[in-house]
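Chemist:
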Amino acid sequence: MNRRMLAALAVVTLALPPLLPERHLATYVLLGLAATVTAGVSMLMGYAGQVSLGQAAFYAIGGYAAGLLTVHGVPTVAGLLAAPVVAALAAVLLGAPLLRLRGHHLAFATLALQLILLSLLGQGDWAGGAIGLQGIPQLPVGGDLGYAYLIWVVLAVVLVICRNVVASRAGRGLRASATSEIAAAANGVAIARYRLAVFALSAAFAGLAGGIYAFYLGYLAPGSFPILLSIEFVVMAVVGGIGTIAGPVVGATVIVLLVQALNTLGTQPGMPGYAPSVLSYAVYALLLVATVLYLPRGIVPAVLDGARVRRGRPSIWGK
Amino acid sequence: MTAGAALTVSGVSRAFGGVYAVRDVGLSVAPGELRAVIGPNGAGKSTLFALIGGQLAPDAGTVHLDDQRIDRLPAHRRARLGIGVVFQAARVFPGMTALENVMVGAHATTRAGFTAAALRLPAHRREEREIRDRAAECLHRTGIEDWADRPAEELPLGQQRALQLARALCGRPRLLLLDEPASGLRAAERDRLATLIEDLRGSGLTILLVEHDVAFVMRLADRVTVLDLGRTIADGTAAEVRADPRVVTAYLGTGVPA
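Protein chains in written order, with our numbering: chain P, 1 to 319; chain S, 1001 to 1258.
(1) Between G73/P, L80/P, I191/P, Y59/P, which lies nearest to P222/P when the distance is taken from Cα to Cα?
(2) Got a sec, what are the start and stop residues for the beta strand (DSSP E) D1133/S sits in?
(3) Along the chain, where does the alpha helix (DSSP H) containing L1229/S start, and where does it finish?
(4) R313/P to S168/P, Cα distance in whole Å?
(5) Any beta carbon from chain S within less than 8 Å of A35/P's own beta carbon?
(6) Scan the stretch 1124-1138 of chain S for residues whose Cβ lies nearer than 9 Å to a Cβ of chain P and list them as they occur along the chain.
(7) Report the CB separation of I255/P from M236/P in whole angstroms; it is logged as a contact under 8 Å.
(8) Can you name, in chain order, every residue of its own chain whose Cβ lies under 6 Å from the Cβ of G171/P, other than the five neighbours on each side?
(9) Would you kindly work out how many angstroms separate the C-alpha atoms of G173/P and Q50/P, rounded to a whole number?
(10) Taking CB distances under 8 Å as the criterion, tell me whether V1104/S reaches chain P.
(11) Am I right that A1090/S and R1161/S are in contact with their C-beta atoms under 8 Å? What's the rounded C-beta distance?
(12) Quick one, which residues of the stretch 30-54 of chain P are near chain S if we go by CB-CB under 9 Å, in chain order?
(13) What are the start and end residues of the beta strand (DSSP E) that includes L1209/S?
(14) Give the straight-line distance between the Cα atoms of Q1055/S and R1072/S, rounded to the nearest whole angstrom.
(15) Determine the contact status of A275/P and V37/P, defining contact as a CB-CB distance below 8 Å.
(16) From A1015/S, L1175/S, I1233/S, A1250/S, pick the residue whose C-alpha is nearest to that of G1026/S; which is it?
(17) What's the C-alpha gap between G318/P and S52/P?
(18) How long is the line joining the alpha carbons of G1113/S and E1240/S, rounded to whole angstroms?
(19) Can you tell me whether F1016/S is buried or exposed, with buried defined as 16 or more other CB within 10 angstroms of its CB?
(20) Between the beta-carbon of L68/P and the beta-carbon of A127/P, is there less than 8 Å?
(21) Whose C-beta lies closer than 7 Å to the C-beta of E1180/S among residues of the same chain, with five residues either side of it excluded?
(22) Between V250/P and the rest of its own chain, which residues show a CB-CB distance below 6 Å, the 5 nearest in sequence each way excluded?
(23) Give a yes or no on whether 8 Å exceeds the smallest Cβ distance from H1076/S to chain P.
(24) Residues of chain P with CB closer than 8 Å to the CB of F1087/S, please, in chain order.
(25) In its own chain, which residues sit with a C-beta less than 7 Å from the C-beta of Y149/P, not counting the 5 before and 5 after it?
(26) From this set, T244/P, L304/P, A156/P, A185/P, which residue's C-alpha is nearest L14/P's C-alpha?
(27) Give me the chain S residues within the contact set of L89/P, using Cβ-Cβ distance strictly less than 9 Å, ordered along the chain.
(28) Indicate whether A1135/S and V1085/S have their beta-carbon atoms separated by less than 8 Å.
(29) Following the continuous alpha helix (DSSP H) through F108/P, name the residue where it begins and the one where it ends.
(30) Assuming V1063/S is part of the beta strand (DSSP E), what are its boundary residues?
(31) Any contact between the stretch 89-98 of chain P and the stretch 258-276 of chain P? By contact I mean 3 or more CB pairs, one from each, below 8 Å.
(32) Which residue from A1250/S, L1177/S, L1193/S puts its Cα closest to that of L1048/S?
(33) List the whole-angstrom C-beta distance separating T70/P from G79/P, where the pair is believed to meet the contact cut-off of C-beta under 8 Å.
(34) With 16 other CB atoms within 10 Å as the buried threshold, where does P248/P fall?
(35) Pull up the CB-CB distance for Y47/P and G243/P, whole angstroms please, since I reckon it's below 8 Å.
(36) Starting from the N-terminal side, write out each stretch of the alpha helix (DSSP H) that is 4 residues or longer and does not extend beyond the stretch 40-101 of chain P.
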């Protein structure tokens, strides 16, 4: 992906919000939030070789951190800044013992974390219980249009951070340990610490998105963070292309737009009441199967490979 | 540990499933020395290598680098203390260019972390430049600078070996461990490697060379340690070892030593 294409895409993306009807503006915001979370999932899967099946838990932790703090009088900006920090701390506490282990321990632990968190939030009066946390103040961004720009600026910053990390000493250490742990360690790469850092970074992205989500909606409920949401982030990462910078945006866009289309279809008159949810489940499944079968590395690497026959120098957009 | 030695291995044992791969092995390598460890297949050479490099921990015994005990430290800590490793298998990092592979080697002596990288702090940029320059220099030194921008897995075996060596050198080691660096190389490559190793020793680097190829070793090593069935059976100069009857029977067979 060259600079001109990137600039064109950015211009289109930024020109879009004022033209969108309110209903679609909400989709635009949620898409930006999803892409931000997915950027972290993609880093985690692509560079730490770990899957998080509970990334929505960090999304929720960020949301509730921001929501609870501001409901109790903390300024909104401070609440927003606290969201990624609290989520990252939670990730460090959970990840420190788990990342030393191999395999899918982290996947199960994150899944368990989310289930525990959901039941805690559902029971806890301090968090509004099952009804949810009401009356979260607004960020001073000037309405929905402001949120649309805020989240896409945040997404841009997150993608720049990803790119910077990947193309750095730490990124090289991670990429090296993804292919040979023995050789990476022999070269001084502290693999467990690096993986923990990526996990914390991915949680921080999710927490930040969760914080914005809390202010944007103005209320939070455990039901907003189902396990399916976590699965959705993983599917977005896989479909877009794991370990690529542009992949999360592409994956999130494809999934969100498809789900929207199917929702519209499912809520047509004459459709049974369960149609929307069945359709969206079916789409995740079909997309995942189709991606794994036909584009095992995801959309972005496939497109890049088609455009640019390998020339020695790997593009950070594709790698 | 032996006073003044760069590397001291003492009483080291390691068993796998009740069978000793290395049993009560000791050796001490002086600073700037080129020590070879030889022995027939299954003698325990690669196990000893891994015990020093940190890929394995010993069941008993100690390993000291200078006067610091390292046998319980994980491999990445040992790398930071100045141990550079070249594995026998071509353990390059596929999907990364040769230059990037060598840049990974600089990990042991550089510091920039995630925060500095994410924010592109000036200190990080300075360090990146330094790492890149150093890596390019190491590629040049090992004679593979023409491959710098190629994906590592595309390099021929000889160049992959050189790449590993360049990567180890990029960490500016005090002690360089080489595991059968000459195996699988053609004669010309072997000569070039020998010249390079001599050159490295000439620059004051302490080198431990684990090797199956006796001719290659005898030409290079200051001293030779001979292992057989996990034990040390001889230790001395190339000439002494060659004349040792135990070595002749255990390793070189009854024929004329190479």
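Beta carbons are placed, not taken as given, at the ideal position from N, Cα and C, and that holds for glycine.
Modeler: Let's see:
(1) The residue labelled residue 222/P in the question sits at position 222 within the first sequence. Out of G73/P, L80/P, I191/P, Y59/P, Y59/P has the C-alpha closest to the C-alpha of P222/P.
(2) Locating residue 1133/S in the second sequence gives position 133, where the first residue counts as 1. It is not in any beta strand (DSSP E) - D1133/S instead sits in the alpha helix (DSSP H) that spans 1122-1141.
(3) The residue you call residue 1229/S lines up with position 229 of the second sequence. That residue, L1229/S, is in no alpha helix (DSSP H); it is neither H nor E in DSSP.
(4) As a first step, residue 313/P is located in the first sequence; it is residue number 313 there, counting from the start. As a first step, residue 168/P is located in the first sequence; it is residue number 168 there, counting from the start. The predicted model places R313/P with a pLDDT of 44, which falls under 50 and marks its position as unreliable, so this point remains unresolved.
(5) Position 35 of the first sequence, counting from 1, holds the residue named residue 35/P. Cβ-Cβ to chain S under 8 Å: no for A35/P.
(6) Hits within the stretch, in order: H1124, E1127, E1128, I1131.
(7) Numbered from its first residue, the first sequence carries residue 255/P at position 255. Numbered from its first residue, the first sequence carries residue 236/P at position 236. So it is a contact: roughly 5 Å between Cβ atoms.
(8) Taking the first sequence and counting its residues from 1, one reaches residue 171/P at position 171. Counting only Cβ-Cβ distances below 6 Å, and skipping sequence neighbours, we find V165.
(9) Position 173 of the first sequence, counting from 1, holds the residue named residue 173/P. Position 50 of the first sequence, counting from 1, holds the residue named residue 50/P. Each residue's alpha carbon lies about 15 Å from the other.
(10) In the second sequence, counting from the first residue as 1, residue 1104/S sits at position 104. Chain P has a Cβ within less than 8 Å of the Cβ of V1104/S.
(11) The residue labelled residue 1090/S in the question sits at position 90 within the second sequence. The residue labelled residue 1161/S in the question sits at position 161 within the second sequence. Right, their Cβ atoms sit about 6 Å apart.
(12) none
(13) Translated into positions along the second sequence, residue 1209/S becomes position 209. Per DSSP, L1209/S belongs to the beta strand (DSSP E) from 1206-1211.
(14) Taking the first residue of the second sequence as 1, we reach residue 1055/S at position 55. Taking the first residue of the second sequence as 1, we reach residue 1072/S at position 72. C-alpha separation (whole angstroms): 11 Å.
(15) Stepping through the first sequence from its first residue, residue 275/P is reached at position 275. Stepping through the first sequence from its first residue, residue 37/P is reached at position 37. Against a cut-off of 8 Å, the Cβ pair of V37/P and A275/P comes out as no contact.
(16) Locating residue 1026/S in the second sequence gives position 26, counting from the first residue. Nearest C-alpha to G1026/S: I1233/S.
(17) For this step, residue 318/P is matched to residue 318 along the first sequence. For this step, residue 52/P is matched to residue 52 along the first sequence. In this prediction, G318/P scores a pLDDT of 46, lower than 50, which makes its location untrustworthy; no coordinate-derived value is stated.
(18) One-based indexing of the second sequence puts residue 1113/S at position 113. One-based indexing of the second sequence puts residue 1240/S at position 240. Answer to the nearest angstrom: the Cα atoms are 50 Å apart.
(19) Here residue 1016/S refers to the residue found at position 16 of the second sequence. Exposed, by the Cβ-count rule.
(20) What you label residue 68/P is simply residue 68 of the first sequence in a count that begins at 1. What you label residue 127/P is simply residue 127 of the first sequence in a count that begins at 1. Yes, these two residues count as a Cβ contact at 8 Å.
(21) For the purposes of this step, residue 1180/S is taken as the residue at position 180 of the second sequence. Only Q1088, V1210, E1211, H1212 meet the Cβ criterion.
(22) Locating residue 250/P in the first sequence gives position 250, where the first residue counts as 1. Taken in chain order, the residues that qualify are G240, I299, V300.
(23) Reading the second sequence from its first residue, position 76 is the one you call residue 1076/S. Yes, H1076/S counts as interfacial toward chain P.
(24) Your numbering for residue 1087/S matches position 87 in the second sequence. Chain P residues near F1087/S: I182, A183, A186.
(25) The residue you call residue 149/P lines up with position 149 of the first sequence. Closer than 7 Å at the Cβ level, and outside the excluded window around Y149/P, lie P17.
(26) Along the first sequence, one-based indexing puts residue 14/P at 14. Looking at the Cα atoms, A156/P is the closest of the given residues.
(27) The residue you call residue 89/P lines up with position 89 of the first sequence. Going along chain S, no residue has its Cβ under 9 Å from L89/P, so there is no contact; the nearest lies around 15 Å.
(28) Here residue 1135/S refers to the residue found at position 135 when the second sequence is read from its first residue. Here residue 1085/S refers to the residue found at position 85 when the second sequence is read from its first residue. Taking 8 Å as the Cβ cut-off, A1135/S and V1085/S do not qualify as a contacting pair.
(29) Taking the first residue of the first sequence as 1, we reach residue 108/P at position 108. According to the DSSP assignment, F108/P belongs to the alpha helix (DSSP H) that extends over 105-123.
(30) The sequence position of residue 1063/S within the second sequence is 63, counting from 1. Element bounds for V1063/S: 1060-1065.
(31) Contact between the stretch 89-98 of chain P and the stretch 258-276 of chain P is absent, because fewer than three Cβ pairs lie under 8 Å.
(32) Indexing the second sequence from 1 puts residue 1048/S at position 48. When only C-alpha atoms are compared, the closest one is L1177/S.
(33) Stepping through the first sequence from its first residue, residue 70/P is reached at position 70. Stepping through the first sequence from its first residue, residue 79/P is reached at position 79. That pair is a contact at about 4 Å.
(34) Indexing the first sequence from 1 puts residue 248/P at position 248. That one is buried.
(35) For this step, residue 47/P is matched to residue 47 along the first sequence. For this step, residue 243/P is matched to residue 243 along the first sequence. Indeed they touch by this definition, with Cβ atoms about 6 Å apart.
(36) 55-71, 76-98
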